[in-house]
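Just remember that this note's numbering sits 205 ahead of the position in the sequence shown, which is counted from 1. A virtual CB, placed ideally from N, CA and C, is assigned to each residue, including glycine. What you are looking at is a predicted structure, and each value in this text was computed from that prediction instead of being measured. All remarks here apply to the structure that follows.
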Amino acid sequence: MEELKIPAHVAIILDGNGRWAKKRGLPRNMGHAEGCRTVERTVEDAARLGIRYLTVYGFSTENWKRDAEEVGALMQLFRYYMKRLLNIAKKNNVRVKMIGERSRFAQDIIDGINRLEEETRDNTGLTFIIAVNYGSRDEIVRAVRKMANDCVQGKLEAEAIGEETVSGYLDTAGIPDPDLLIRTSGEQRLSNYLLWQLAYTEFYFTDVLWPDFNKEELVKAIEKYSRRDRRFGGVK
Ligand code: IPE
Ligand code: IPE
Ligand code: MG
């Protein structure tokens, strides 16, 4: 068997929690709870496979449009799993980072996010990045605003702005671009995820609903990625 090329950075759009629950006659929130358990398992699987960065889309800037009840339940799950994640991160040498605009969350959630980042900062294994209240266009707008401010204050010169500068102003500053993007549940769109960062990323779509995603599915995606011929615009 040919050797598996492990991508350094895997980005995931987890999708299908609601449909998973509906199929079983359960409320959507049960799908989200099961989805959270899948996230926990995936963090451990990714760490063991030697993936360096795992970025998961947990809550988009557009997800506030859902029913207040569903949004409330997602916030409760977030509170609960943030605490569990701290233990999992410590046990597995995982460094946790959040991207997105956190100031819209309740103060206890903001405190939890800060604590997770601070207490895992020196871990040297997998970097687990969670995108919450994240939207790529919002991220780009915030970056542009900050660059404009820095120009006005004389900290940045307009002519000196290059691709590296822009990357450095995004929430993902310092993190290499994803090599592989996985979206579950059969949907084939980006839903405002990492638009800048995914410029040369390989895409993998699967019909599996997120709560049913597991290590075998992750390995399947990596095998498919392994066989692809990445060119970055050049020729071989
Ligand atoms: C993904 O599952 C979780 C979030 C977006 C928070 P969905 O809730 O989108 O599930 P479907 O797409 O309705 O099945
Ligand atoms: C994308 O899933 C957002 C997250 C996974 C957090 P959605 O289910 O919200 O996306 P759309 O609405 O189907 O595009
Ligand atoms: Mg969905």
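- prompt: Relative to ligand 1, is the shortest distance from any of its heavy atoms to the C-beta of S341 smaller than 8 angstroms?
  reply: no
message: ligand 1 and N268: does any heavy atom of the ligand fall closer than 8 angstroms to the residue's C-beta?
response: yes
query: Any heavy atom of ligand 1 closer than 8 angstroms to the Cβ of R233?
result: yes
message: Here's the rule I'm using: 16 or more other beta-carbon atoms within 10 Å means buried, otherwise exposed. How should V349 be labelled?
response: Result: exposed.
message: Check whether the segment 413 to 420 and the segment 430 to 441 are in contact - that is, three or more C-beta pairs closer than 8 angstroms.
response: no
task: Spatial neighbours of E150 within its chain, please: CB distance less than 6 angstroms, with the 5 preceding and 5 following residues excluded, ordered by chain position.
output: No information on residue 150 is available, as it lies outside the stretch 206 to 441 that the chain covers here.
- prompt: Across which residues does DSSP place Y258 in a beta bridge pair?
  reply: H214, T332
field: Beta bridge counterpart(s) of M303 as assigned by DSSP
entry: I335
query: For L279, which residues from the same chain have a beta carbon less than 7 angstroms from its beta carbon, with the 5 sequence-adjacent residues on both sides left out?
result: H237, F264
- request: Would you mind sorting T329 into buried or exposed? The rule is 16 or more other CB atoms within 10 Å of its CB.
  value: exposed
- request: Could you round the C-beta distance between R271 and G317 to whole angstroms and report it? I think they count as a contact, below 8 angstroms.
  value: So it is not a contact: roughly 21 angstroms between Cβ atoms.
query: CA-CA distance, V244 and K360?
result: 40 angstroms
query: Which of the three DSSP states, helix, strand or coil, is assigned to S372?
result: helix
- request: Confirm the yes/no value for this check: CB of L290, any heavy atom of ligand 2, distance under 8 angstroms.
  value: no
query: For L290, does the three-state DSSP call read helix, strand or coil?
result: helix
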